[in-house]
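Q: Protein chains in written order, with numbering that gives the first Met the number 0: chain A, 0 to 350; chain B, 0 to 350; chain C, 0 to 325; chain D, 0 to 325.
Positions of the beta carbon are idealized from the N, C-alpha and C atoms, including for glycine.
These numbers come from a predicted model, not from an experiment.
Quick one: structure below, then a few questions.
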Amino acid sequence: MGRTAAPPGAAEEAGIGGRVIRRNLDIDTGLDRLAMMERIRAFEAAAERAAVDEGLVLGAIHLSTGQEAVATGIIAHLDRADYMTSTHRGHGHTIAKGADPVAMMKELLGREGGCCGGKGGSMHIADFGVGMLGANGVVSANITIAAGAAHGVKLLGGDQITVCFFGDGAANRGPFLEGINWAGVFDLPILFVCEDNRYSASTRTADMTAGDSLADRARAMGLTAAEIDGNDVNAVAEAAAGAIGRIRATGRPEFLHAVTYRQGGHTYFDPAAYRPPGEAARMAETTDPIRRQRELLADAGVAAAQMDAIRAEARAEMEAALDAARAAPWPPAASAFADVQDIGSPQREPF
Amino acid sequence: MGRTAAPPGAAEEAGIGGRVIRRNLDIDTGLDRLAMMERIRAFEAAAERAAVDEGLVLGAIHLSTGQEAVATGIIAHLDRADYMTSTHRGHGHTIAKGADPVAMMKELLGREGGCCGGKGGSMHIADFGVGMLGANGVVSANITIAAGAAHGVKLLGGDQITVCFFGDGAANRGPFLEGINWAGVFDLPILFVCEDNRYSASTRTADMTAGDSLADRARAMGLTAAEIDGNDVNAVAEAAAGAIGRIRATGRPEFLHAVTYRQGGHTYFDPAAYRPPGEAARMAETTDPIRRQRELLADAGVAAAQMDAIRAEARAEMEAALDAARAAPWPPAASAFADVQDIGSPQREPF
Amino acid sequence: MAVMSYAEAAKQAIAEAMRADPRVWCVGEDLGRGGVFKQYVGLVEEFGPARVSDAPISEAAIMGAAFGAALVGTRPIVEMRFADFALCATDELVNQIAKARYMFGGQSRAPMVIRKPMGMWRSSAAQHSQSLEAWYAHIPGLVVVCPSTPQDNYAMMKAAIACDDPVVYLEHKNIWALEGEVDPDAPGAFGQARIRRQGGDVTIVSWSDCANRAAAAAAMLAEDGIDAEVIDLISLWPWDKAAVLGSVARTGRLLVAHEAVAVGGFGAEVVATVAERAAHRLKVPPRRIGSPRGLIAYAPNLEDQMRVTAEAIAAAARQMMEPAPA
Amino acid sequence: MAVMSYAEAAKQAIAEAMRADPRVWCVGEDLGRGGVFKQYVGLVEEFGPARVSDAPISEAAIMGAAFGAALVGTRPIVEMRFADFALCATDELVNQIAKARYMFGGQSRAPMVIRKPMGMWRSSAAQHSQSLEAWYAHIPGLVVVCPSTPQDNYAMMKAAIACDDPVVYLEHKNIWALEGEVDPDAPGAFGQARIRRQGGDVTIVSWSDCANRAAAAAAMLAEDGIDAEVIDLISLWPWDKAAVLGSVARTGRLLVAHEAVAVGGFGAEVVATVAERAAHRLKVPPRRIGSPRGLIAYAPNLEDQMRVTAEAIAAAARQMMEPAPA
Ligand SMILES: Cc1ncc(C[n+]2csc(CCOP(=O)(O)OP(=O)(O)O)c2C)c(N)n1
Ligand SMILES: Cc1ncc(C[n+]2csc(CCOP(=O)(O)OP(=O)(O)O)c2C)c(N)n1
Ligand SMILES: [Mg+2]
Ligand SMILES: [Mg+2]
């Protein structure tokens with residue numbers, strides 16, 4: 000199944016050119032991961048341009064630039080039927096889960112054909128058709144919801160697993176404890192992924208977090224937990240393969256703490272001047288997951304041109320998505336009152 | 000300063016008569032602890048009788064019978080100025096902190112002169128005069144409040160410490176995480192004490208708690224934490240002395256997990272038939288802290304008669320408290336609308 | 000028609016729904032031992048601990064997890080134990096459950112029944128006595144039910160379980176033992192009031208246990224020759240405006256009685272609606288009777304000052320019948 | 000008199016209070032960088048990080064810990080960031096803070112200002128746009144303030160900080176930049192409305208940013224020869240019943256306008272109170288204008304359908320001036 004950089008075998012590592020790459024890296028897999036990260040980044044870059052240059056995105060959008068390895072590496076191991084909940088910073092997870100970027104971009108622009116009919120926007124993006132049960136505007140709230148999705152699957156006798164993404168800041172709200180305890184008590188097939196980009200809005204999360212390890216918080220509730228390099232898509236994927244494999248086999252919850260870096264501001268209009276001078280540039284240089292994956296593949300013999308083509312394709316796809324969104328009309332006025340509730344609907348009884 | 004059973008010295012232990020006692024047990028201290036436990040038990044026994052036999056206690060009361068060592072051993076190291084928050088099961092903590100049992104009993108009977116003017120009852124018992132900042136009808140809610148009391152002390156430059164008592168069931172609510180994280184982040188002088196009586200109402204708490212150790216939950220948030228035998232008042236006191244000494248010295252939060260046993264039902268009218276047959280009797284036999292302390296003191300040469308006298312005195316004190324409460328009038332009718340708020344008070348504007 | 004208690008009626012409705020639909024399940028603290036008010040006794044024996052599930056003391060997780068489980072196709076009945084404790088799960092109810100279907104553009108439903116035992120119960124004091132139904136009526140996305148009789152607790156529970164919307168289901172905890180006949184074939188309908196008594200002199204609108212007190216007040220008023228109509232709204236959203244407006248058109252007098260604090264209570268909505276739409280029908284000014292804007296004490300004599308009694312309702316109605324002072 | 004923005008006015012009031020009283024402090028997420036709406040910019044530089052304190056994302060702990068700190072003698076200003084997120088701390092506010100003084104028989108006070116930026120702000124969607132002031136007016140123990148101008152945001156913030164009760168302080172997040180003159184010597188008073196415009200034809204009662212829209216509506220109405228009186232309640236508990244009843248006695252017409260959902264909104268309380276106490280003064284039925292009982296969408300054309308605009312207020316007032324159909 001595709002070329003390999005070295006003969007397949009047990010994962011072994013070797014220093015090449017000062018960097019460590021996996022001997023058995025499957026280049027097609029590596030390229031797939033690169034392509035997914037490029038698509039996420041291109042989507043968000045297009046959205047940001049639409050917001051900044053054209054004023055087309057009216058609400059706040061939170062970009063995951065620099066964090067694409069987490070969504071890509073984890074979700075690579077999910078089936079379409081598996082469930083996922085996400086956060087306000089959920090574009091990447093949603094794309095990786097298989098949602099249509101055109102419908103997503105329309106949603107960001109608040110247009111007809113948006114995946115939520117223009118009612119939710121970026122912060123409530125969802126695609127139930129691919130098991131994406133929603134971003135969330137309330138930090139940490141998706142953790143108990145995800146535990147419940149896994150609980151529901153168990154009650155119904157399904158075999159889907161659930162993945163719950165949340166940020167480092169979310170680990171300081173009660174639902175973190177309540178949701179993880181719940182998953183432990185009811186023995187639920189769920190993977191909790193803390194996507195730690197080191198910031199909570201303008202706050203260095205470490206300054207507002209007691210203790211050294213969020214994984215220890217999960218371990219104290221009986222979960223198997225690991226800390227991983229969230230900027231290395233292959234390391235993420237490897238850890239996810241292990242955890243998700245065990246979850247599918249045992250039905251028991253696990254926890255991954257993926258450390259990454261938020262390259263931009265909290266929202267697209269946050270200049271993030273509160274960061275130590277030089278930090279962002281240094282981190283973009285050293286931790287950027289796309290750059291790292293490109294270097295890895297280059298070392299394995301992949302031509303830059305091939306990778307540039309992947310990037311160009313991703314950009315073209317998302318440019319087209321933005322074009323489609325730009326051209327889409329506003330949602331029909333009558334939809335304003337639809338889908339609130341059946342009983343006592345404002346369509347019949349607004350007052 | 001009182002008789003000692005053995006020469007003072009570093010804590011050493013020796014088996015005597017099959018039991019382990021501390022060589023340097025100060026008998027007066029041991030008797031003081033016994034007396035406090037007897038007072039708590041006598042107070043609650045009187046309250047229970049008033050409830051069951053006379054119907055004088057109208058709301059629910061939650062007894063700490065069997066758990067008296069925790070309140071006694073911890074609070075022995077607090078000054079009157081130190082702060083404390085408690086739970087729905089707070090009589091013992093309140094008595095140990097120095098509140099007047101007459102005012103407390105009046106409160107349980109909803110009478111004038113009750114420590115809360117008859118407005119709170121058992122579940123909201125409080126005596127700010129002795130630093131007791133309130134029981135709480137909402138499980139776990141007192142944890143963030145206690146963290147805040149310690150925070151306030153720090154802001155004001157005070158030297159009081161705060162102790163927060165809560166149950167094993169409370170460790171599964173969000174405020175457990177949020178309050179302990181808060182204390183860790185702001186480096187607050189507070190001792191968290193989980194008084195683990197193994198039940199949450201009719202539920203065996205272990206069945207609804209993931210992970211093996213609540214202390215680990217606190218450790219994961221950077222707190223020094225220890226598990227202690229909550230039925231051994233001297234062990235509790237020793238652990239508390241250490242923790243509280245360190246907190247006074249460093250201002251840093253600590254955590255104690257004291258394992259004890261709720262000998263009765265959740266409320267006085269709960270027969271607790273859900274417990275495994277024989278469990279309650281066996282535990283009363285083996286874990287009762289008063290019995291254990293009596294045995295320890297007996298081994299150390301204290302006469303049973305002296306200990307019986309302490310019990311009789313405690314009972315007489317609480318019988319008198321009940322008599323006083325029984326004789327007290329209802330609160331003045333006009334107080335119904337007092338102390339809601341100054342601005343827009345119902346005394347002026349009920350509607 | 001069987002005679003059963005208010006608690007039993009809801010339990011029977013739940014048991015029947017669980018037999019008919021394996022997706023229905025209950026979750027809450029202590030349910031395996033029947034729940035704190037014994038309103039689930041026997042269900043775990045029939046349906047097992049997965050479908051009559053205990054829970055940690057984690058109201059936020061009970062609400063949030065049940066919601067997640069609803070999103071993937073189950074139909075949870077959520078037990079909050081006391082309406083007061085449900086405040087620990089307000090974000091989950093108001094920001095998540097009530098809004099999800101809309102925010103996600105209709106992709107999802109949250110078919111949930113959220114049971115919140117409410118109201119005063121001798122000497123339960125300020126944290127265990129609240130009536131906050133007005134809050135939920137104010138939140139789009141929620142259906143709000145406040146049954147007052149075994150019949151309605153049976154029929155509305157069935158309707159709530161069958162409903163695809165989240166239903167905030169507020170039982171009054173002082174009437175668990177109240178007995179009454181239950182006709183299992185009389186369906187419950189949201190937004191359809193029950194006329195507890197017909198009368199031509201004054202319209203008394205109420206709900207929850209206060210509707211029972213309103214009915215008692217009407218009996219007292221009848222002895223005085225005052226013919227009161229008692230309307231039990233049963234559900235507050237939707238609520239039966241037509242029944243109230245129709246009745247007021249006949250009586251010309253509107254009295255709304257509820258246990259909750261009067262200020263900002265749902266009685267204000269009822270009075271405001273009538274004032275807006277049928278002011279010309281009113282012979283005397285409309286009136287609300289509810290709790291003063293104060294807190295509920297433990298001591299019974301103080302607690303009683305917050306109660307809306309049958310006597311107080313009757314007295315208010317009598318005043319409304321008096322000729323205006325010259 | 001200085002001209003300043005709505006945000007600056009509150010900040011200035013806070014800074015002055017903090018200078019005068021070392022017990023006053025602020026706590027909330029991101030305050031060290033000025034807060035999410037920059038309404039704290041510069042305070043940390045003056046008062047340091049202990050008194051302008053960052054917080055973890057822990058609304059329940061922010062509220063609960065501030066309460067604990069109030070119990071021991073500090074005077075916290077609590078920042079909830081968005082009124083919507085404050086729902087994560089509902090138990091703390093409603094069951095603890097509002098009730099503590101009473102439950103403990105007057106042993107304690109909770110002098111706290113709880114800032115909850117509320118309201119619609121272009122395309123913030125359902126979880127970041129709510130107006131829930133009616134909830135807090137319904138809760139005994141709480142004072143509720145909804146300022147609409149820099150002057151009132153200055154004066155009421157000072158009053159709130161000086162007050163020994165917990166004050167739910169709802170600023171409207173759409174008007175942070177609104178500028179106006181601020182007289183630092185004009186004291187804020189709870190329960191005292193501001194007559195934004197005097198008029199004899201119709202009384203328009205409003206609060207928060209909607210009061211600004213009501214004032215704009217009055218200007219439009221004046222062009223039509225309709226002389227509207229605009230009453231900005233400023234505080235909802237206590238609220239200035241006398242001002243409203245007095246005005247209605249003169250105009251005979253009552254229109255209440257607010258951004259919140261009309262059903263169960265505080266407008267119902269105002270209308271019900273007037274209907275109860277001054278029905279005979281009303282020449283036409285009273286009227287409320289508020290949001291439909293629906294949810295707030297992201298798409299601007301859908302969002303706009305939920306707005307209560309100056310035009311809509313003016314249109315409603317005009318209708319009330321029309322002669323009744325024969
Ligand atoms: C309960 C709650 N509090 C505050 C906010 C405001 N807020 C939105 S995102 C954010 C930071 C979240 O940090 P983290 O969880 O690390 O996620 P990240 O933004 O870094 O992806 C905050 C404070 C919110 N949405 N919900
Ligand atoms: C938030 C909340 N949920 C539920 C309850 C009902 N309740 C009162 S006490 C209790 C059990 C508490 O268990 P634990 O914390 O172990 O304390 P214990 O009663 O054993 O002292 C429960 C569930 C409550 N008071 N508050
Ligand atoms: Mg983060
Ligand atoms: Mg316990």
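So within the segment 122-189 of chain C, which uninterrupted beta strand (DSSP E) runs reach at least 3 residues, ignoring any that extend past its ends?
A: Fully enclosed beta strand (DSSP E) runs of 3 or longer: 142-144, 166-168 and 178-181.
Q: Check whether the segment 168-178 of chain C and the segment 4-16 of chain C touch, using three or more Cβ-Cβ pairs below 8 Å as the test.
A: The segment 168-178 of chain C vs the segment 4-16 of chain C: in contact.
Q: Which one of G266(C), R50(C) and I56(C) has the shortest CA to CA distance from M207(B)?
A: Selected option, being the one with the closest Cα: I56(C).
Q: How far does the alpha helix (DSSP H) with F164(A) in it extend, from its first residue to its last?
A: First-last for F164(A): T161 to G166, but that is the beta strand (DSSP E), not the alpha helix (DSSP H).
Q: Taking only beta-carbon atoms, is Q95(D) less than 8 Å away from chain B?
A: Answer yes: the Cβ-Cβ gap between Q95(D) and chain B drops below 8 Å somewhere.
Q: What are the boundary residues of the alpha helix (DSSP H) that includes S207(C)?
A: Where S207(C) is concerned, the enclosing alpha helix (DSSP H) stretches over S207 to E222.
Q: In the DSSP assignment, find the beta strand (DSSP E) that holds V270(C) and state where it starts and stops.
A: Looking at the DSSP string, V270(C) is not in any beta strand (DSSP E); the run it does join, the alpha helix (DSSP H), is F265 to A277.
Q: From D151(D) to D215(B), what does the alpha carbon distance come to, in whole angstroms?
A: Computed Cα separation, rounded: 50 Å.
Q: Below 8 Å on the Cβ atoms is my guess for H257(C) versus G293(C); work out the distance and round it to an integer in Å.
A: Contact doesn't hold; Cβ gap of about 15 Å is too wide.
Q: Under the criterion of a Cβ to heavy atom distance below 7 Å, does T208(B) qualify as lining ligand 4?
A: It does not: the Cβ of T208(B) is nowhere closer than 7 Å to a heavy atom of ligand 4.
Q: Quick one: what's M131(B) bridged to in DSSP?
A: DSSP, once it has assigned bridges, lists M83(B) and D126(B) as partnering M131(B).
Q: Cβ closer than 8 Å: which chain B residues qualify as neighbours of I56(C)?
A: Ordered by position in chain B, the residues that pass the 8 Å Cβ test against I56(C) are V138, S139, G168, A169, N171, R172, S199 and M207.
Q: For N196(A), is the beta carbon positioned less than 7 Å from some heavy atom of ligand 3?
A: Yes; taking the cut-off as 7 Å, the Cβ of N196(A) has a heavy atom of ligand 3 nearer than that.
Q: Determine the contact status of I358(A) and S121(A), defining contact as a CB-CB distance below 8 Å.
A: Outside the modelled stretch of chain A, which goes from 0 to 350, sits residue 358(A), for which no answer is possible.
Q: Contact defined as beta carbons within less than 8 Å: I believe V143(C) pairs with W236(C). What is the distance between those atoms, to the nearest angstrom?
A: The pair is a contact, with the Cβ atoms about 5 Å apart (cut-off 8 Å).
Q: Quick one: does the C-beta of S199(A) sit closer than 7 Å to a heavy atom of ligand 3?
A: Result yes, Cβ under 7 Å from ligand 3.
Q: Using 10 angstroms around the beta-carbon of E194(B), count the other beta-carbons present and answer buried if the total reaches 16, otherwise exposed.
A: Buried: at least 16 other Cβ atoms inside 10 Å.
Q: Does the distance from the CB of V43(C) to the CB of V51(C) come in under 8 Å?
A: Yes; because the gap between Cβ atoms is below 8 Å, this pair is in contact.
Q: Apply the 10 Å Cβ neighbour rule to D167(B) and answer buried if 16 or more other Cβ atoms are within range, or exposed otherwise.
A: It is buried - the Cβ of D167(B) has at least 16 other Cβ atoms within 10 Å.
Q: Provide the residue span of the beta strand (DSSP E) that contains R196(D), from first to last.
A: Here the beta strand (DSSP E) through R196(D) covers R193 to R196.
Q: Helix, strand or coil: how does DSSP classify A36(B) here?
A: Here residue 36(B) is Met; the residue named in the question, Ala, does not match the sequence. Three-state result, M36(B): helix.
Q: The alpha helix (DSSP H) that contains Q302(C), what's its start and end?
A: According to the sequence shown, residue 302(C) is Glu rather than Gln. P299 to E302 is the span of the alpha helix (DSSP H), which, as asked, contains E302(C).
Q: If you draw a straight line from the alpha carbon of I328(C) to that of L253(C), how long is it in whole angstroms?
A: Given a span of 0 to 325 for chain C in the structure shown, any question on residue 328(C) remains unanswerable.
Q: With DSSP collapsed to three states, give me the class of V24(A).
A: Reading off the sequence, residue 24(A) comes out as Leu, not Val. Coil at L24(A), not helix or strand.
Q: Among T259(A), R314(A), A209(A) and V232(A), which residue has its Cα nearest to the Cα of Q292(A)?
A: The option with the nearest alpha carbon to Q292(A) is V232(A).
Q: Using a beta-carbon distance cut-off of less than 8 Å, what residues from the segment 329-341 of chain B approach chain A?
A: Answer set for the segment 329-341 of chain B: empty.
Q: Anyone know if the C-beta pair for M117(C) and Q126(C) falls short of 8 Å?
A: Against a cut-off of 8 Å, the Cβ pair of Q126(C) and M117(C) comes out as no contact.
Q: Please name the residues in the segment 163-175 of chain D whose beta-carbon is closer than 7 Å to at least one beta-carbon of chain B, in chain order.
A: The segment 163-175 of chain D vs chain B, Cβ under 7 Å: D163 and D164.
Q: Report yes or no: do the segment 260-269 of chain A and the segment 243-250 of chain A share at least 3 C-beta pairs separated by less than 8 Å?
A: Flag = no, the segment 260-269 of chain A and the segment 243-250 of chain A do not touch.
Q: Exposed or buried, what is R114(D) when buried is set at 16 or more other beta-carbons lying within 10 Å of its beta-carbon?
A: Buried.
Q: Could you tell me whether any Cβ in chain B is nearer than 8 Å to the Cβ of G277(D)?
A: Residue 277(D) is actually Ala in this sequence, not Gly. By this cut-off, A277(D) is not an interface position.
Q: Pull up the CB-CB distance for M317(A) and A41(A), whole angstroms please, since I reckon it's below 8 Å.
A: 4 Å between Cβ atoms; contact.
Q: Classify S3(C) as helix, strand or coil using the three-state DSSP reduction.
A: In the sequence under discussion, the amino acid at residue 3(C) is Met, which differs from the Ser named in the question. Residue state, collapsed to three classes: strand.
Q: What's the call for D164(D), buried or exposed, on a 16-neighbour Cβ count within 10 Å?
A: By the neighbour-count rule (16 or more Cβ atoms within 10 Å), D164(D) is buried.
Q: What are the residues in the segment 133-151 of chain D lying within 7 Å of chain C by C-beta distance?
A: Correct list: A133, W134, A136, H137, P139 and G140.
Q: At a threshold of 7 Å, does G179(C) count as lining ligand 5 (C-beta to nearest heavy atom)?
A: Within the structure as shown, ligand 5 is missing, the only ligands being ligand 1, ligand 2, ligand 3 and ligand 4.
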